[in-house]
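Chemist:
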Amino acid sequence: MTAKHALKLSSIFAFFENDSKAIKKGENALESNHVQKMQFDAGLMIIRGQVQASMKDKEYKVEINLNNSGEIGTAKCMCPRGIKCHHIAALALFGHYNISVTDKECTWNVPKSKSAPLKTAEEFYPSKPFKAVEGNMSEEAKNKLREQLSTFGNTVGFTWLLQEDNHGRLNMNLPLIEDIVTGKDFYEAENKLEYFKIQVAIEDNVIHEITMATVGQVSNERWYLARKYRLTASNFGLIISACKRNRYPESLFKTLFGSYNLDGIKSIQWGRHHEKDGLNYLKENYQLEVKPTGIWLTCSELLGASPDGLVGDDAIVEVKCPYSFRNDVLSEKLKSDKKYIIYYNENGEMCLNTEHNYYHQIQGNLSILKRQKCYLVVWTPKEAIVVMVEYDPAWEIHIGILENFYFTQYFPKLIKD
């Protein structure tokens, strides 16, 4: 009897939104034995592996997280593209053919020859006869086609090309840091750091373009590309603390390079799932219009900020959904817990913990976006609290500290690795 697959082909095609090109490249990589190693953690439902880069003497680490239904929830790769790349497709296909639902935690070292022929993308999606439209389509014809395709939802890949929102069609005029440091010109540069600084610098109009192109954040592939190998506000607190101690442990760089998988951590999942609840609470109880946004970069292009939303011209929104407080009445818990971003003192007054990592995240967001205040929403199922956090000009000194850390500590690690 054939073993039941833990990862179905239908799940792979759904994750790649029927992008036959990426799947086909993944098949080619699999047939060329580019999948060098794979580990499957049945408890966490995580597939990890190493996939050889195309035409390069290099391997990329790939990680695929499955949900309880055996479908791909999230996936990431250390290649420049980083998300929905053919390396992920190759590992997913290898996992489909080698992992059954009865498997426990196992490790595979890929053999040199495969035991069974694999079906190709052409076999799943055979070409059909068609007749191309002669001449250019008018805007009226495009709109009509868009309207007809919209009835099928996102199952029709061509709808992405015809979508009306501008950020979906923008091409980011953003140099990828990995492309810079692995390029021939960088290798031949006499002063690599100065060359790097020149290559990554961007103009104000490009910053706005990148922000528009990355709206949607975790659901937008461009957001992952824009933030890769840059220091983002969520990690500012960790970096500032390390700089104060003048100690830079290896765990810090693993966090900054994204070596740790956070998608399977319950607190992270809880926060992502309930962020919309915090935003809805703010909208409904404070009658505010919250506008979604993407990533904002500094002109040096090394620091980035991705607030949870924008309000007007001078405010941002940051939502926190503490998993550890999920069963508590928030106002009562904050009377005894003085270590969180907000707490009540002995006089019953709300206080802000300026040593907390969230404080540095908020101030970093305000500094990079050049805004004056932040609506901090702390949401739990039983209660939500909104606190206004003002921009502190004295915090601005940390921007220089963060950029200096990038050049003196992070950059040497980046080019070494």
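So that you can map any letter, position 236 of the sequence shown is 236 in full-length UniProt numbering, and since no number is skipped, the others follow by simple counting. Even for Gly, the Cβ is constructed at its ideal location relative to N, Cα and C.
Whose C-beta lies closer than 8 Å to the C-beta of G237 among residues of the same chain, with five residues either side of it excluded?
Modeler: H356, N357, Y358, Y359, H360, Q361
Chemist: For Q217, which residues of its own chain have a beta-carbon under 7 Å away from its beta-carbon, when the five flanking residues on both sides are left out?
Modeler: Excluding its 5 nearest sequence neighbours in each direction, Q217 has C-beta neighbours in its own chain below 7 Å: W223, G294, S306, listed in chain order.
Chemist: Can you find the residues in the same chain that come closer than 6 Å, C-beta to C-beta, to K416, ignoring five residues on each side of it along the sequence?
Modeler: none
Chemist: State the DSSP-derived secondary structure class of V218, mapped to helix, strand or coil.
Modeler: Correct three-state label for V218: helix.
Chemist: Grouping DSSP H, G and I as helix and E and B as strand, with all else coil, what is K61?
Modeler: The DSSP-derived three-state label of K61 is strand.
Chemist: Identify every run of the beta strand (DSSP E) within the region 24 to 98, keeping only runs that are complete inside it and at least 3 residues long; order them along the chain.
Modeler: 35 to 41, 46 to 52, 59 to 66, 72 to 77
Chemist: What is the DSSP secondary structure of L174, counted as helix, strand or coil?
Modeler: coil
Chemist: Rounding to the nearest angstrom, what Cα-Cα distance links E63 and Y286 in this structure?
Modeler: 40 Å
Chemist: Cutting at 6 Å between CB atoms, please list the residues of its own chain near Y391, excluding the five before and the five after it.
Modeler: L366, Q372
Chemist: So for L310, helix, strand or coil by DSSP?
Modeler: strand
Chemist: When you compare the region 12 to 21 with the region 83 to 99, are there three or more beta-carbon pairs, one atom per stretch, that lie closer than 8 Å?
Modeler: Yes, the region 12 to 21 touches the region 83 to 99.
Chemist: For the region 208 to 252, which segments carrying the alpha helix (DSSP H) assignment without a break, of at least 4 residues, lie completely within its bounds, in sequence order?
Modeler: Complete alpha helix (DSSP H) runs here, min 4: 221 to 227, 236 to 245.
Chemist: Among the residues of its own chain, which have a CB less than 7 Å from the CB of L170, if the five just before and after it don't count?
Modeler: Its pLDDT being 40, under 50, L170 is placed unreliably by the model, and nothing is read from it.
Chemist: Our contact map puts W379 next to C321 with C-beta atoms below 8 Å; I'd like the distance itself, whole angstroms only.
Modeler: 5 Å
Chemist: How far does the alpha helix (DSSP H) with A394 in it reach, from first residue to last?
Modeler: That residue, A394, is in no alpha helix (DSSP H); it is neither H nor E in DSSP.
Chemist: Using DSSP bridges, identify the partner residues of C374.
Modeler: Among the bridge pairs identified by DSSP, C374 is matched with I316, V389.
Chemist: Have a look at I88, K25, K413, Y343 and flag the residue whose alpha-carbon is nearest the alpha-carbon of F257.
Modeler: K413
Chemist: Which residue marks the beginning of the beta strand (DSSP E) containing Y343, and which one marks its end?
Modeler: Counting along the chain, the beta strand (DSSP E) containing Y343 begins and ends at 342 to 344.
Chemist: Do the region 87 to 102 and the region 26 to 39 meet, that is, are 3 or more Cβ pairs less than 8 Å apart?
Modeler: yes
Chemist: To the nearest angstrom, how far is the alpha carbon of T232 from that of P175?
Modeler: 17 Å
Chemist: Here's the rule I'm using: 16 or more other beta-carbon atoms within 10 Å means buried, otherwise exposed. How should K228 be labelled?
Modeler: With a threshold of 16 other beta carbon atoms within 10 Å, K228 meets it and is buried.
Chemist: Output yes or no for whether 9 Å exceeds the beta carbon distance between D185 and Y195.
Modeler: yes
Chemist: Give every residue of the same chain whose Cβ lies closer than 7 Å to the Cβ of L402, excluding the five residues on either side of it in the sequence, and list them in chain order.
Modeler: Cβ-Cβ distances below 7 Å link L402 to L231, F236, I239, L303 in the same chain, with the five nearest sequence neighbours on each side left out; the list follows chain order.
Chemist: Using the beta-carbon count (16 or more within 10 Å), is D308 buried or exposed?
Modeler: buried
Chemist: Say whether chain C places a C-beta atom closer than 9 Å to the C-beta of V319.
Modeler: Judged by its chain identifiers, the structure shown contains no chain C, having just a single protein chain.
Chemist: Can you name the start and end residues of the alpha helix (DSSP H) that A14 belongs to?
Modeler: Membership of A14 in the alpha helix (DSSP H) is indicated by the continuous run 9 to 15.
Chemist: For V329, which of I99, I385, V200, N220 has the nearest alpha-carbon?
Modeler: I385
Chemist: Rounded to whole angstroms, what's the CA-CA distance from K370 to Q269? Just pull it up for me.
Modeler: 30 Å
Chemist: With respect to the alpha helix (DSSP H) encompassing residue 418, which residues constitute its N-terminal and C-terminal limits?
Modeler: Lying outside 1 to 417, the shown extent of the chain, residue 418 is not represented and no answer is given.
Chemist: Looking at C-alpha atoms only, which residue of V317, L297, G400 is the closest neighbour of L288?
Modeler: It is V317 whose Cα lies nearest to the Cα of L288.
Chemist: Please report how far the alpha carbon of D277 lies from the alpha carbon of D337, in whole angstroms.
Modeler: Distance between the alpha carbons of D277 and D337 is about 23 Å.
Chemist: Which partner residues does S100 have in the DSSP bridge list?
Modeler: H5
Chemist: So H34 and H96 are in contact, right, with Cβ under 8 Å, and what is the actual spacing, rounded?
Modeler: Rounded, the Cβ-Cβ distance is 16 Å, inconsistent with contact.
Chemist: Please classify H273: is it buried, with 16 or more other beta-carbons within 10 angstroms of its beta-carbon, or exposed?
Modeler: exposed
Chemist: What residues in its chain sit with their C-beta under 6 Å from that of N67, if we drop five residues either side in the sequence?
Modeler: G73
Chemist: Applying the criterion that 16 or more other CB atoms from any shown protein chain within 10 Å of the CB defines a buried residue, is K76 buried or exposed?
Modeler: buried
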